[in-house]
Amino acid sequence: MKKTILLIFGIVFLLINNQAQTVTDYDGNSYNTVTIGTQIWLKENLNATHYNNGEMLPNVTNGSEWSSLNSGAYCEYENNSDYSVIYGKIYNWYAAVDSRNLCPTSWHVPTNDDWIILTGYLINNGYGFDGLPNNIGKSMAATSGWTPSSIAGQVGNDQTSNNSSGFTALPGGYRSNYGTFSSVGGYGYWWTSTEFNAGCSYDWGIAYNSGLVTSYFCSGNPNGFSVRCVSDSTVSHVIDNEFGNYYQIYPNPAKNRIHIDFRESKSAKIQVFNTVGQCVICMEKISGTNLIDISSLSDGIYLLKLTGKGWESHYILSKD
21 MKKTILLIFG IVFLLINNQA QTVTDYDGNS YNTVTIGTQI WLKENLNATH
71 YNNGEMLPNV TNGSEWSSLN SGAYCEYENN SDYSVIYGKI YNWYAAVDSR
121 NLCPTSWHVP TNDDWIILTG YLINNGYGFD GLPNNIGKSM AATSGWTPSS
171 IAGQVGNDQT SNNSSGFTAL PGGYRSNYGT FSSVGGYGYW WTSTEFNAGC
221 SYDWGIAYNS GLVTSYFCSG NPNGFSVRCV SDSTVSHVID NEFGNYYQIY
271 PNPAKNRIHI DFRESKSAKI QVFNTVGQCV ICMEKISGTN LIDISSLSDG
321 IYLLKLTGKG WESHYILSKD
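In the numbering used here, the protein residues as written are 21 to 340.
The following block contains the structure:
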């Protein structure tokens, strides 16, 4: 039994090593990554000054010139390189959709559907503030750097409790259609590659004074927003997918508790194994909706094994 668990953990660590990686762009900038649901995202805003084929993007500092562009360009907030160290570069939409690709190899500027998948996963898996499913802004926002708010549930309030998803959104502000800069520290906006109609496209935003993550469907293409790349590859926390539809586990990663919801009247024995094959949580057969306390576990990767009547499934669990 222990040998089997250790063998499965070998598979787990191969999967984790492929997911929790650093990625380098053409300029040599290195980015950490985070797996959220089936997607892998960069944890930092893009800071590239070249397309992935090596061709340079123009750095347009003049506001009038910026507002008249119809081709790809980047800038730095207030034309100050100090901001790029924290927030990355600002790009117009033409750069975001250029076929030469802003993102590193095997990564892309997300489509609007990519963002819908991301936010949908967080909404449906317990990341909403205080039980409010749609209030996932805090779960995506970084734990510092936002304009303070006194209202519970808003991104700027109690910032140390932010970022349960690991996305680490930062308020990089934006550059308007008119070439002016605004809102660093208070608001973050990210392009998608999806055009709404001629001249305007989808982007997503997070604000210090809200708990929501907002989709904007018609932002003018000359606007300058941040870019957050997503991997071309997808992953699954379920090692053996045959029985993955029998249950739902959330949140993952988790801090103190996980929910295990069994579907279709299923029930199972629950075992959580550490990296040396020891069962650190062992529960007899349970059914329905269950709240499992994992607060006593050390941070790291665990294997959750569910054993039901005629079925068995293994799941990668991350404890933060």
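Virtual Cβ for every residue (Gly too), placed ideally from N, Cα, C.
Just so it is clear, the structure is predicted and the values come from calculations on it, not from any experiment.
Cβ-Cβ separation, residue j to residue i (assumed contact under 8 Å), whole Å
i, j, result
"V250", "P130", "5 Å"
"L324", "Y335", "4 Å"
"A288", "F282", "7 Å"
"V207", "A227", "Checking the sequence, you will find Tyr at residue 207 rather than Val. Indeed, because the Cβ distance is near 5 Å, the residues count as touching under 8 Å."
Enclosing alpha helix (DSSP H) for residue i [first to last residue]
i, result
"D102", "S101 to Y107"
"D45", "That residue, D45, is in no alpha helix (DSSP H); it is neither H nor E in DSSP."
"T214", "Here T214 belongs to no alpha helix (DSSP H); instead the beta strand (DSSP E) covers Y207 to N217."
"I137", "N132 to N144"
"K158", "G157 to M160"
"A116", "W113 to A116"
Residue i - partner residues in DSSP beta bridges
i, result
"W166", "Answer is none; W166 lacks a bridge partner."
"N52", "T42"
"W86", "W86 is not bridged to any residue."
"D223", "W211 and Y236"
"N79", "Y94"
"S251", "W127"
"T327", "K289 and E332"
"F245", "Y111"
"S202", "Y194"
"V322", "Note on identity: in this sequence residue 322 is Tyr, with Val being the wrong assignment. The partner list for Y322 (beta bridge, DSSP) reads L337."
"I60", "T55"
Neighbour flag for residue i against chain B, beta carbons, 8 Å
i, result
"V54", "In the structure shown, chain B cannot be found, because there is only a single protein chain."
Start and end residues, beta strand (DSSP E) containing residue i
i, result
"I312", "T309 to D313"
"D281", "R277 to F282"
"Y198", "No beta strand (DSSP E) contains Y198, which DSSP labels as neither H nor E."
"H70", "Looking at the DSSP string, H70 is not in any beta strand (DSSP E), and its letter there is neither H nor E."
"V292", "S287 to F293"
"E332", "W331 to K339"
"L122", "Where L122 is concerned, there is no enclosing beta strand (DSSP E), given that its DSSP letter is neither H nor E."
"Y266", "Element bounds for Y266: n/a, residue is neither H nor E."
Residue of the options minimising C-alpha distance to residue i
i, options, result
"A218", "G206, F237 and G205", "F237"
"Y114", "S88, I137 and D102", "S88"
"S253", "D47, N49 and I56", "I56"
"N52", "Y46, Q41 and Q59", "Q41"
"S338", "N73, L62 and Y270", "Y270"
"S184", "A162, E304 and P78", "A162"
"T295", "E85, Y322 and F149", "Y322"
"I306", "S285, L66 and T69", "S285"
"N177", "G297, N229 and V105", "N229"
"I171", "W61, D150, Q291 and A68", "D150"
"V175", "H70, Y141 and L232", "L232"
"E304", "W61, P191, N99 and K329", "K329"
"T139", "I280, L326, T58 and V292", "T58"
I'd like to know if the region 185-200 and the region 101-121 are in contact, where contact means that at least 3 CB-CB pairs between them fall below 8 Å. yes
Contact between the region 238-246 and the region 202-217: three or more CB pairs below 8 Å? yes
Cβ contact (3+ pairs, closer than 8 Å) linking the region 73-81 and the region 155-174: no
I want to know whether the region 242-249 touches the region 83-99 - three or more CB-CB distances under 8 Å. yes
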